[in-house]
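Residue numbers (the numbering used here), protein chains in the order written: chain S, 22 to 328; chain R, 25 to 120.
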């Protein structure tokens, strides 16, 4: 029975996709599965849509695991999907959110990379596209967005783990999300889950200037970090990508912010100090639980702050 | 399946911009085949780097020659990966 899905374990892509079907079936009143494209190796890109009805409602975008080797992000996303579904009708906050807005959740942003980590190279973090004129494969999908593309913090070397690709949106995994969000036209928040290092970041990464909404984003980021800390004491550092870690061009939240999505945040999930992104399976649920609190804080603010 | 026997992950703590610059130099040495899990940025943030087994000594020598502080985050990466695989298999059995 698919009811036996273990949210505290790591799973293959097929198992995750089967669980998406199960969630869509079990919570069909609010959950549906959409295909927004397919990867370079022709694997479907699925998003779960959480909606209580209405057309083209304002929406929150959430994605996980663009760097495929950070399995805890994909695993957390599945747990969070279940949490959203089960909290609707039970938790007044989530209920009011879904009565007003939709949530789109891309649980596996880079399916080819994810499968490659399971079958061939656990350390793989790029896509699997062929690079013309090079023996090396893949592009860092978080350097491939049309936001300061090709600038500092991205490599032009196809063999590098941070290779930006031949052009912005060259990766179909990135292009599919861009097209979906542009076609939707009413996405109000763009939230992306990465791992690890306990950071909550807002734009910019491709430049080191403050975004126009700096004060609001910083305050909201700090409130979300406080929520995260309230559960297990996990402390997140809050700031722009450039000031918090380093200048990095072609990142997703810079693209979303520059395209009018004010509430653009990147989470770098917990680091126990022993494993990097190779967190033991016993850490998945605690990671997801605390991350959920941070996400919820941001989502509530988005719900209550139309723009 | 690619294995990572003997690969170590080092956590490096920098004290100043000068040490960060040294690590950025290390990052540019492609022949060492280093995989930076956390890139050198500011002294406030540690750097984590996976070092292939045959380059561990060279990287440690580089760090020690400049007096840069480091510790071993993961002693042998393959041991951690084997444990992860074991956990996954256990959980799959539990599912069934």
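Quick reminder that beta carbons are idealized off the backbone N, C-alpha and C, glycines included. Since we're looking at a predicted model, the values are computed, not measured.
CA nearest to the CA of residue i, picked from the options
| i | options | result |
| --- | --- | --- |
| residue 219(S) | 115(S), 140(S), 272(S), 292(S) | 292(S) |
| residue 297(S) | 103(R), 39(R), 33(R), 87(R) | 33(R) |
| residue 245(S) | 57(S), 315(S), 80(S) | 315(S) |
| residue 389(S) | 80(S), 67(S), 60(S), 62(S) | Because residue 389(S) is not part of the residues shown, which for chain S are 22 to 328, the question remains open. |
| residue 249(S) | 55(S), 321(S), 317(S) | 317(S) |
| residue 148(S) | 277(S), 64(S), 301(S), 304(S) | 64(S) |
| residue 259(S) | 221(S), 69(S), 174(S), 295(S) | 221(S) |
| residue 162(S) | 89(S), 299(S), 294(S), 300(S) | 89(S) |
| residue 46(S) | 60(S), 186(S), 71(S), 33(S) | 71(S) |
| residue 212(S) | 87(S), 114(S), 304(S) | 87(S) |
| residue 112(S) | 321(S), 328(S), 326(S) | 321(S) |
| residue 185(S) | 107(S), 200(S), 271(S) | 271(S) |
| residue 26(R) | 141(S), 328(S), 256(S) | 141(S) |
| residue 139(S) | 117(R), 113(R), 118(R) | 113(R) |
| residue 150(S) | 303(S), 202(S), 110(S), 62(S) | 62(S) |
| residue 312(S) | 328(S), 172(S), 247(S), 169(S) | 247(S) |
| residue 281(S) | 106(S), 170(S), 203(S) | 203(S) |
| residue 57(S) | 145(S), 125(S), 146(S), 307(S) | 125(S) |
| residue 319(S) | 237(S), 307(S), 216(S) | 237(S) |
| residue 106(S) | 256(S), 266(S), 144(S), 50(S) | 50(S) |
| residue 38(S) | 129(S), 168(S), 257(S), 110(S) | 129(S) |
| residue 328(S) | 299(S), 200(S), 295(S), 283(S) | 283(S) |
| residue 127(S) | 143(S), 217(S), 85(S) | 85(S) |
| residue 61(R) | 144(S), 60(S), 104(S), 131(S) | 144(S) |
| residue 168(S) | 199(S), 179(S), 146(S) | 199(S) |
Inter-residue spacing [alpha-carbon to alpha-carbon] between residue i and residue j
| i | j | result |
| --- | --- | --- |
| residue 134(S) | residue 214(S) | 16 Å |
| residue 408(S) | residue 285(S) | There is no way to answer for residue 408(S), as the model of chain S reaches only from 22 to 328. |
| residue 241(S) | residue 287(S) | 13 Å |
| residue 89(R) | residue 43(R) | 12 Å |
| residue 29(S) | residue 94(S) | 12 Å |
| residue 41(S) | residue 72(R) | 34 Å |
| residue 66(R) | residue 224(S) | 18 Å |
| residue 115(R) | residue 27(S) | 7 Å |
| residue 107(R) | residue 74(R) | 18 Å |
| residue 92(S) | residue 32(S) | 9 Å |
| residue 23(S) | residue 48(S) | Bear in mind that the predicted position of residue 23(S) carries a pLDDT of just 48, short of 50, making it unreliable; the figure below should be weighed with that in mind. Their backbone Cα atoms lie some 14 Å apart in a straight line. |
| residue 251(S) | residue 310(S) | 11 Å |
| residue 177(S) | residue 191(S) | 14 Å |
| residue 181(S) | residue 279(S) | 27 Å |
| residue 41(R) | residue 69(R) | 11 Å |
| residue 165(S) | residue 137(S) | 20 Å |
| residue 268(S) | residue 94(R) | 24 Å |
| residue 110(R) | residue 264(S) | 39 Å |
| residue 104(R) | residue 85(R) | 25 Å |
| residue 96(S) | residue 305(S) | 7 Å |
| residue 115(S) | residue 99(R) | 43 Å |
| residue 57(R) | residue 64(R) | 16 Å |
| residue 261(S) | residue 44(S) | 35 Å |
| residue 173(S) | residue 108(S) | 42 Å |
| residue 83(R) | residue 29(R) | 17 Å |
| residue 82(S) | residue 91(R) | 45 Å |
| residue 73(S) | residue 300(S) | 35 Å |
| residue 132(S) | residue 59(S) | 9 Å |
| residue 110(S) | residue 39(R) | 51 Å |
| residue 31(R) | residue 323(S) | 44 Å |
Residue burial classification, residue i (beta-carbon count within 10 angstroms, cutoff 16)
| i | result |
| --- | --- |
| residue 254(S) | exposed |
| residue 35(S) | exposed |
| residue 55(R) | exposed |
| residue 273(S) | buried |
| residue 96(R) | exposed |
| residue 289(S) | buried |
| residue 277(S) | buried |
| residue 49(R) | exposed |
| residue 194(S) | buried |
| residue 326(S) | exposed |
| residue 45(R) | exposed |
| residue 53(R) | exposed |
| residue 308(S) | buried |
| residue 226(S) | buried |
| residue 118(R) | exposed |
Enumerate, from N- to C-terminal direction, the unbroken alpha helix (DSSP H) stretches of 4 or more residues contained entirely within the stretch 116 to 144 of chain S.
For the stretch 116 to 144 of chain S, the continuous alpha helix (DSSP H) assignments of 4+ residues that do not extend past its boundaries occur at 132 to 140, in sequence order.
Enumerated in chain order, which unbroken segments of the beta strand (DSSP E) with a length of 3 residues or greater are wholly contained in the stretch 144 to 218 of chain S?
For the stretch 144 to 218 of chain S, whole beta strand (DSSP E) runs of length 3 or above, ordered along the chain, are 208 to 216.
Within 8 Å, do at least three Cβ pairs link the stretch 225 to 239 of chain S to the stretch 85 to 102 of chain S?
By the Cβ rule, the stretch 85 to 102 of chain S does not count as touching the stretch 225 to 239 of chain S, because fewer than three pairs are nearer than 8 Å.
Starting from the N-terminal side, write out each stretch of the alpha helix (DSSP H) that is 4 residues or longer and does not extend beyond the stretch 281 to 316 of chain S.
When DSSP assignments are scanned along the stretch 281 to 316 of chain S, no uninterrupted stretch of alpha helix (DSSP H) that is 4 or more residues long falls wholly within it.
Using 8 Å as the cut-off, can you tell me whether the stretch 204 to 214 of chain S makes contact with the stretch 74 to 81 of chain S, which would need three or more C-beta pairs spanning the two stretches below that distance?
In this structure the stretch 204 to 214 of chain S touches the stretch 74 to 81 of chain S; the number of beta carbon pairs closer than 8 Å is three or more.
Contact between the stretch 150 to 169 of chain S and the stretch 114 to 129 of chain S: three or more CB pairs below 8 Å?
With a cut-off of 8 Å, the stretch 114 to 129 of chain S and the stretch 150 to 169 of chain S do not count as touching, because too few Cβ pairs lie within range.
Suppose only complete runs of 4+ residues qualify. What are the alpha helix (DSSP H) ranges in the stretch 237 to 277 of chain S, listed by chain order?
As far as the stretch 237 to 277 of chain S is concerned, its whole alpha helix (DSSP H) runs of at least 4 residues are 262 to 265.
Please give me, in chain order, every unbroken run of the beta strand (DSSP E) with length at least 3 that falls completely inside the stretch 22 to 99 of chain S.
52 to 59, 65 to 71, 80 to 85, all fully within the stretch 22 to 99 of chain S.
List, from N- to C-terminal side, the alpha helix (DSSP H) runs of 4 residues or more that fit wholly inside the stretch 29 to 66 of chain R.
Counting only runs of 4 or more, we get 41 to 51.
Along the stretch 69 to 94 of chain S, what residues have a CB closer than 9 Å to any CB found in chain A?
Any reference to chain A falls outside this structure, whose protein chains are S and R.
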